[in-house]
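Below you'll find the structure, written out as structure tokens, and then a few comments.
There are 2 protein chains.
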Amino acid sequence: MEAKSQSLVPESYAINGGDGPYSYAQNSLYQRGIMEAAKGMINEEIAMKLDIQKLSLAASEPIRIADLGCSCGANTILAIQNILEALKRKFRTHPTPEFQVFFNDQVSNDFNSLFASLPVLGRQYYAASVPGSFHGRLFPTASLHFVYSSCALHWLSKVPKGVVDKTDPAWNEGRIHYTGAPKEVFEAYSDQFAKDIDSFLQARGKELAPGGLMALLIPAIPDVISHPQITTGSEPELLGSCLVDMEKMGIVSEAKVDTFNLPIYFTYPKELRQIIEGNGCFSIKRMEILNIPKQHIVMPEPRQRTLYLRALLEALIEKHFGNEIIDQLFEIY
Amino acid sequence: MEAKSQSLVPESYAINGGDGPYSYAQNSLYQRGIMEAAKGMINEEIAMKLDIQKLSLAASEPIRIADLGCSCGANTILAIQNILEALKRKFRTHPTPEFQVFFNDQVSNDFNSLFASLPVLGRQYYAASVPGSFHGRLFPTASLHFVYSSCALHWLSKVPKGVVDKTDPAWNEGRIHYTGAPKEVFEAYSDQFAKDIDSFLQARGKELAPGGLMALLIPAIPDVISHPQITTGSEPELLGSCLVDMEKMGIVSEAKVDTFNLPIYFTYPKELRQIIEGNGCFSIKRMEILNIPKQHIVMPEPRQRTLYLRALLEALIEKHFGNEIIDQLFEIY
Numbered sequence: 002m003e004a005k006s007q008s009l010v011p012e013s014y015a016i017n018g019g020d021g022p023y024s025y026a027q028n029s030l031y032q033r034g035i036m037e038a039a040k041g042m043i044n045e046e047i048a049m050k051l052d053i054q055k056l057s058l059a060a061s062e063p064i065r066i067a068d069l070g071c072s073c074g075a076n077t078i079l080a081i082q083n084i085l086e087a088l089k090r091k092f093r094t095h096p097t098p099e100f101q102v103f104f105n106d107q108v109s110n111d112f113n114s115l116f117a118s119l120p121v122l123g124r125q126y127y128a129a130s131v132p133g134s135f136h137g138r139l140f141p142t143a144s145l146h147f148v149y150s151s152c153a154l155h156w157l158s159k160v161p162k163g164v165v166d167k168t169d170p171a172w173n174e175g176r177i178h179y180t181g182a183p184k185e186v187f188e189a190y191s192d193q194f195a196k197d198i199d200s201f202l203q204a205r206g207k208e209l210a211p212g213g214l215m216a217l218l219i220p221a222i223p224d225v226i227s228h229p230q231i232t233t234g235s236e237p238e239l240l241g242s243c244l245v246d247m248e249k250m251g252i253v254s255e256a257k258v259d260t261f262n263l264p265i266y267f268t269y270p271k272e273l274r275q276i277i278e279g280n281g282c283f284s285i286k287r288m289e290i291l292n293i294p295k296q297h298i299v300m301p302e303p304r305q306r307t308l309y310l311r312a313l314l315e316a317l318i319e320k321h322f323g324n325e326i327i328d329q330l331f332e333i334y
Numbered sequence: 002m003e004a005k006s007q008s009l010v011p012e013s014y015a016i017n018g019g020d021g022p023y024s025y026a027q028n029s030l031y032q033r034g035i036m037e038a039a040k041g042m043i044n045e046e047i048a049m050k051l052d053i054q055k056l057s058l059a060a061s062e063p064i065r066i067a068d069l070g071c072s073c074g075a076n077t078i079l080a081i082q083n084i085l086e087a088l089k090r091k092f093r094t095h096p097t098p099e100f101q102v103f104f105n106d107q108v109s110n111d112f113n114s115l116f117a118s119l120p121v122l123g124r125q126y127y128a129a130s131v132p133g134s135f136h137g138r139l140f141p142t143a144s145l146h147f148v149y150s151s152c153a154l155h156w157l158s159k160v161p162k163g164v165v166d167k168t169d170p171a172w173n174e175g176r177i178h179y180t181g182a183p184k185e186v187f188e189a190y191s192d193q194f195a196k197d198i199d200s201f202l203q204a205r206g207k208e209l210a211p212g213g214l215m216a217l218l219i220p221a222i223p224d225v226i227s228h229p230q231i232t233t234g235s236e237p238e239l240l241g242s243c244l245v246d247m248e249k250m251g252i253v254s255e256a257k258v259d260t261f262n263l264p265i266y267f268t269y270p271k272e273l274r275q276i277i278e279g280n281g282c283f284s285i286k287r288m289e290i291l292n293i294p295k296q297h298i299v300m301p302e303p304r305q306r307t308l309y310l311r312a313l314l315e316a317l318i319e320k321h322f323g324n325e326i327i328d329q330l331f332e333i334y
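Listed in order, the protein sequences are those of chains A and B. Residues 2 to 334 in the working numbering are what the first sequence lists, from first letter to last. Residues 2 to 334 in the working numbering are what the second sequence lists, from first letter to last.
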């Protein structure tokens with residue numbers, strides 16, 4: 002086996018590491034809310050749907066859990082703790098197995114920060130990290146028993162090709178996302194998302210042991226909202242207009258703005274279901290829109306929204322435009 | 002299972018990360034020589050002593066390899082590549098298994114650099130890293146098939162207690178190591194080493210699958226040389242005298258020098274054999290003093306020796322004395 006797929010995917014989308022004021026760790030309350038909302042569902046599914054017999058663990062084989070696209074904050078550790086407790090309840094009547102947890106993210110993720118934040122006392126699992134894109138293979142065949150991924154699958158493996166190609170109908174002139182863009186741009190993003198989820202499911206289909214479960218928390222748009230409606234006034238559009246303003250001020254070049262696009266796509270439940278069913282590696286046990294309590298007060302101020310966006314996107318923007326523009330860009334934003 | 006042991010061991014001995022002029026990656030030619038010298042031996046032992054039947058791999062189970070105390074340089078990747086090729090030759094007549102490699106070092110190791118240096122194209126194994134002290138448990142029971150550790154086991158889990166205790170016969174006044182010190186100091190180091198190796202072997206005894214092999218490359222002193230002879234003029238003694246000079250110049254306090262000791266011990270083959278046999282978890286298949294070719298030209302200049310020592314010890318010295326003294330200390334050295 003050659004880990005070929007790893008080389009096909011750009012490794013440029015890690016979010017801000019460390020724990021400074023612009024770090025993801027300090028600006029991911031929204032993700033925490035999502036995790037909390039999913040907790041009950043995950044507990045129920047592990048209790049009701051995980052089939053210990055079907056897992057057919059070998060003697061002394063540990064339960065292996067993976068968090069894909071974990072980043073480096075505290076949310077991943079809390080999420081894993083919850084999954085672990087649900088699994089331990091499940092094994093109450095069996096000899097308690099050992100647990101091994103694999104934290105995955107892009108090679109450029111700040112794993113040093115992640116390791117520094119792992120609990121030392123009373124940690125009930127062996128921890129490991131796995132660098133690389135989850136759009137390719139990361140683990141040996143049938144070696145995982147529970148896969149978790151939260152707020153990560155909306156990141157595309159790359160910006161769709163046509164979007165940065167002047168000769169393509171999907172060329173996205175003067176914008177950095179499909180928000181407010183012609184239909185062709187949106188479709189190019191949508192196609193890329195479908196391809197990426199398909200690659201993700203192909204890889205996990207090989208890595209998950211028979212009887213294993215996967216819980217994916219994916220930011221999405223309700224089916225009832227059609228694409229142009231939701232997109233007006235969104236963060237990417239606003240950030241894009243800031244970049245266009247900076248272009249007009251002569252700070253960044255037009256070519257730079259035209260070739261920059263956010264590799265992010267927000268799917269619809271219906272679309273996602275179609276992709277998963279078309280892929281065929283997994284059957285959907287449950288699919289729900291999470292009710293995130295206090296969603297409206299999690300990020301009350303523009304300043305906090307800016308910090309949140311900066312934690313997510315700084316590395317990506319810096320790579321394309323250089324780091325001189327970052328402070329000014331988020332100031333304007 | 003609780004990973005209790007992890008909390009008992011201080012996490013302060015990681016060597017210099019990154020790839021700057023003072024990094025370990027740029028100053029570890031000596032370790033490269035050791036690895037090259039061990040290559041043939043490891044190949045032979047895998048070919049002759051590894052018992053595939055006894056490993057009794059489950060269906061689709063990967064071969065799991067661990068490099069303990071891997072640091073963050075290129076040497077670890079070359080060493081693993083060699084082990085992998087030897088294992089693949091071994092499995093020539095069987096279906097080729099998948100391989101998963103675990104790179105271990107202290108939590109404070111620069112894993113970000115390690116991941117950045119992993120080969121992307123043609124890598125024939127799934128990579129993961131495991132943070133924590135190898136003096137405690139790091140992996141699930143019976144989950145490893147080949148364990149490798151090079152130039153790491155001479156690092157003690159801590160400075161022996163008595164050595165920094167004014168009331169203890171082993172108090173090591175005005176020195177930073179057992180070199181040139183009274184017998185009691187040497188014995189305190191020797192006792193700590195025996196305890197540490199015992200903990201290491203206990204942990205590995207549980208983690209290595211039956212039939213698995215372990216290759217340990219440990220810096221040691223030939224049995225024929227008794228302790229006071231080798232120690233005069235050694236690096237630690239010289240570095241200690243530099244610190245004492247700085248104390249006389251009023252740059253560092255006497256108390257700081259008296260409480261600083263290097264947590265490093267160079268064992269003897271005879272002593273190591275006794276510890277391993279006394280522990281009882283492993284049988285020794287082969288034990289040899291490596292013939293390192295070109296040893297005398299690997300580190301020809303004092304400047305290079307200084308860089309090498311700085312890469313190894315800077316973090317440790319900085320933690321105790323603060324970073325103001327580092328440049329001046331290695332200047333004097």
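Note that CB positions come from ideal geometry on N, CA and C, so glycine has one too.
- When CB distances to chain B are screened at a threshold of 8 Å, not a single residue of the stretch 180-213 of chain A falls below it.
- Collapsing the DSSP output to three states places D106/A in a strand.
- Cα atoms of L69/B and G323/A: separation of roughly 38 Å, rounded to the nearest angstrom.
- By alpha-carbon distance to Q101/B, the top candidate from G163/B, V148/B and R138/B is V148/B.
- Y269/B places its beta carbon less than 9 Å from that of A221/B.
- Per the coordinates, the alpha-carbon of S254/B lies some 27 Å from the alpha-carbon of Q193/B.
- Interface criterion not met: the Cβ of Y149/A is under 9 Å from no Cβ in chain B.
- The Cβ of A129/B sits closer than 9 Å to at least one Cβ of chain A.
- Counting along the chain, G206/B sits inside the alpha helix (DSSP H) bounded by residues K184 to E208.
- With respect to the 9 Å criterion, K271/A and D224/A are classified as neighbours on the basis of their beta carbons.
- DSSP places L310/A within a helical segment (H, G or I) once states are collapsed to three.
- For A67/B, the enclosing beta strand (DSSP E) has its first and last residue at I64 to L69.
- Residue pairing for T268/A: DSSP places it in a beta bridge opposite A221/A.
- Just so you know, the alpha carbons of P132/A and S151/A end up roughly 17 Å apart.
- The stretch 138-180 of chain A is shown to contain whole beta strand (DSSP E) runs of 3 or more residues at 145-151, in chain order.
- Linking S144/B to R138/B through their CA atoms gives a straight-line distance of about 12 Å.
- A check of alpha carbon separations from S114/B across I198/B, G18/B and D259/B identifies G18/B as the nearest.
- At least 9 Å separates the CB of S158/B from every CB of chain A.
- For V121/A, no beta strand (DSSP E) encloses it, and the DSSP letter there is neither H nor E.
- Neighbours of V225/A across chain B, judged by C-beta separation under 7 Å, do not exist; the nearest C-beta is about 42 Å away.
- DSSP lists R65/A and Y127/A as the beta-bridge partner residues of Q101/A.
- Using a CB distance cut-off of 9 Å, N113/B counts as an interface residue toward chain A.
- Under the 9 Å criterion on CB atoms, T142/B is classed as interfacial with respect to chain A.
- Nearest C-alpha to I64/B among K91/B, K249/B and E45/B: K91/B.
- DSSP places A60/B in the coil class of the three-state scheme, outside both helix and strand.
- Counting every other CB atom within 10 Å of its CB across the protein chains shown gives I84/A a total of 16 or more, marking it as buried.
- Contact of P303/B with chain A by beta-carbon distance below 7 Å is absent, the smallest such distance being about 32 Å.
- Classified as exposed, I290/A has fewer than 16 neighbouring CB atoms from the shown chains inside 10 Å of its CB.
- If you draw a 10 Å sphere on the C-beta of T307/B, you find 16 or more other C-beta atoms in it, and that means buried.
- When 8 Å is used as the limit between beta carbons, F103/B is near these residues of chain A: A129, in chain order.
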